[in-house]
Amino acid sequence: MTDATHDPARLSWVASANGHAEFPIQNLPFGVFSIAGDRPRGGVAIGDAVFDIGAALELGLFSGTARDAAEAAAGPALNPLLALPASARRALRQRLSDILSVDSDARGNASRLLHDAAACTLHLPANVGDYTDFFAGIHHARKGGQISRPENPLMPNYKYVPVAYHSRASSVRPSGEDVRRPKGQRKLPSEATPTFGACRNLDYELELGVWIGAGNRQDEPIPIGEAAERIAGFCLLNDWSARDIQSWESQPLGPFLGKSFRTTVSPWIVTAEALEPFRIAQPARPDGDPPPLPHLLDAADQAHGAYDIDCDVFLSTPAMRAANAEPYRMCRSNTRELYWTVVQMVAHHASNGCNLRPGDLFGSGTISATDAGGIGCLLEMTFGGRDAITLGNGETRRYLEDDDVVVLQAHCRRPGAVPIGFGECRGRIVPATAA
Ligand code: CA
421 MTDATHDPAR LSWVASANGH AEFPIQNLPF GVFSIAGDRP RGGVAIGDAV FDIGAALELG
481 LFSGTARDAA EAAAGPALNP LLALPASARR ALRQRLSDIL SVDSDARGNA SRLLHDAAAC
541 TLHLPANVGD YTDFFAGIHH ARKGGQISRP ENPLMPNYKY VPVAYHSRAS SVRPSGEDVR
601 RPKGQRKLPS EATPTFGACR NLDYELELGV WIGAGNRQDE PIPIGEAAER IAGFCLLNDW
661 SARDIQSWES QPLGPFLGKS FRTTVSPWIV TAEALEPFRI AQPARPDGDP PPLPHLLDAA
721 DQAHGAYDID CDVFLSTPAM RAANAEPYRM CRSNTRELYW TVVQMVAHHA SNGCNLRPGD
781 LFGSGTISAT DAGGIGCLLE MTFGGRDAIT LGNGETRRYL EDDDVVVLQA HCRRPGAVPI
841 GFGECRGRIV PATAA
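Residue numbers (the numbering used here): 421 to 855.
Quick look at the structure:
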């Protein structure tokens, strides 16, 4: 499924791209950027630069299907690009790879085509119509369940249904924006009645975000064999969670205000095509687990529907920054830990006839591994806030404090492929508003 765009020997005339940890020419993620308050528009990350798709259109660098796709990718939101079939996205990727390769004569227009990424503001890449957060990290589901239901940590539906809740699209924001500590009704199990005030148990969740491409008509489910074509790309997603609000409000209807105050995503859409070299078989289910029901079972998906993506969480405290210390790595996990594939999530979501639309966003659920260094949220690391953890500089945390900065990162590394990354998903906690 790989092609010339993945060729490890391919180099770019954008010198910073060659050997770049995130954005070599083999990645080419799409995003929306602006410079100095100018209009937001579509671009592609290449090394330390952003390639301006609109400028390339003006220079006449595209033709045919690739030009149609470039026009769809040049505006202030990428929904028109996401709406196109995967074949059009692939044609654009192939042309961009040629334009940016060392063999291209486009380098003569570098000053028009490239912007210093450090000078660009990155926006949400698409207008999010609907946002659904899954719960596909089985180690997170089991550990979270142990805290509230030690006798029955995994609910009986877990191994049959890719469990999800419908979350809030309006408060999805791009990396870099501050995260206001929410207020809400809080009641810890030790308290008799709730009070209203600032969240005391603020947490992050390490998740893979999924950008939906071409959707489906209402009442027309997506057969699992066709679901892969509906997945346009991926990002990192931090499902900020107010645990004290969440645990009180969510019985019996699930998360609401404990989640809906904000979700942060990394700003680049790493395409399904860029991730082709990093697909792996879905790990076999443990002995005794039921097989997926037929509408969620597809041989090709089982054979290469999972991804090998290392995902990290870093925490930077005010004390670390004052000491000029590096952020502390809280977690290294991998998307191979997910119990359900993204194809199964898409097929399940549409199985009742629910229509998905271009620019819909999925979260995978918290990606925790089984080892102590691979846990994707504080709830699990501290066993519901019971056990403080010690950071590298000796500070301790149960939950996030004001002015803490959380950064998610993801990198793909496989023999025979050029490594690629996702870029940052960053947020700084700022105090709750005054009464
Ligand atoms: Ca979540």
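Even for Gly, the Cβ is constructed at its ideal location relative to N, Cα and C.
query, result
"Glu625 CB to nearest heavy atom of ligand 1 below 6 Å", "yes"
"Ranges of the alpha helix (DSSP H) found wholly within the segment 707–793, counting only runs of at least 4", "719–724, 738–742 and 762–770"
"Span of the alpha helix (DSSP H), counted from its first residue to its last, around Trp660", "Careful: Trp660 lies outside any alpha helix (DSSP H) and carries neither H nor E."
"Buried or exposed (CB count within 10 angstroms, at least 16 for buried), Asn636", "buried"
"Proximity test, Asp553 beta-carbon vs ligand 1 heavy atom, cut-off 6 Å", "yes"
"heavy atom of ligand 1 below 6 Å from Asp659 C-beta", "yes"
"Residue range of the unbroken beta strand (DSSP E) whose run includes Lys640", "Inspection of the sequence shows that residue 640 is occupied by Glu rather than by Lys. Run containing Glu640: none; DSSP gives neither H nor E here."
"Environment of Arg806 [buried if 16+ CB atoms lie within 10 Å]", "exposed"
"Selected residue, minimal CA-CA separation from Pro449, among Ala429, Ala456 and Phe471", "Phe471"
"Neighbourhood of Phe453 by C-beta distance below 6 Å, restricted to the same chain and skipping five residues each side", "Gly463, Val470, Cys540 and Leu542"
"Buried or exposed (CB count within 10 angstroms, at least 16 for buried), Gly564", "buried"
"Three-state secondary structure (DSSP) of Leu512", "helix"
"Beta bridge counterpart(s) of Phe443 as assigned by DSSP", "Answer is none; Phe443 lacks a bridge partner."
"Sequence-distant residues of its chain with Cβ nearer than 8 Å to Trp660 (five each side left out)", "Val599, Leu622, Asp623, Tyr624, Glu625, Lys679, Phe681, Arg682, Thr683, Thr684 and Gly847"
"Beta-carbon separation (whole angstroms), Phe443 vs Ile466, contact threshold 8 Å", "6 Å"
"DSSP state of Lys603 mapped onto helix, strand, coil", "strand"
"Run of the alpha helix (DSSP H) containing Ala475, from where it starts to where it stops", "Ile473 to Glu478"
"C-beta contact flag for Pro856 and Leu502 at 7 Å", "An answer regarding residue 856 cannot be provided, because it is not within the stretch 421 to 855 covered by the chain."
"Check whether Thr425 and Gln514 have beta carbons under 7 Å apart", "yes"
"Nearest neighbour of Gly831, chosen from Pro675, Gln671 and Phe698 [CA to CA]", "Looking at the sequence shown, residue 831 is not Gly but His. When each option's Cα is compared against that of His831, the closest is Phe698."
"Residues bridged to Arg817 [DSSP beta-bridge criterion]", "Ile809"
"Burial state of His560, where buried means 16 or more other Cβ atoms lie within 10 Å", "buried"
"Beta-carbon separation (whole angstroms), Pro573 vs Gln566, contact threshold 8 Å", "4 Å"
"Stretch pair the segment 766–777 + the segment 636–649: three plus CB contacts closer than 8 Å", "yes"
"Residues of its chain near Ala441, where Cβ-Cβ distance is below 6 Å and the 5 sequence neighbours each way are ignored", "Gly841"
"Run of the beta strand (DSSP E) containing Ala489, from where it starts to where it stops", "Element bounds for Ala489: not the beta strand (DSSP E) but the alpha helix (DSSP H), Gly484 to Ala493."
"Presumed contact (8 Å Cβ cut-off) between Val522 and Leu657, rounded CB distance", "With a Cβ gap of about 35 Å, Val522 and Leu657 do not count as contacting."
"Span of the alpha helix (DSSP H) around Arg593", "First-last for Arg593: Val592 to Pro594, but that is the beta strand (DSSP E), not the alpha helix (DSSP H)."
"Val850 burial status per 10 Å Cβ neighbour count (16 or more: buried)", "exposed"
"Where the alpha helix (DSSP H) containing Ala530 begins and where it ends", "Ala530 to Leu533"
"Gly645 beta carbon less than 7 Å from that of Asp709", "no"
"Candidates Trp433, Cys619 and Pro545: closest to Leu516 by CA position", "Trp433"
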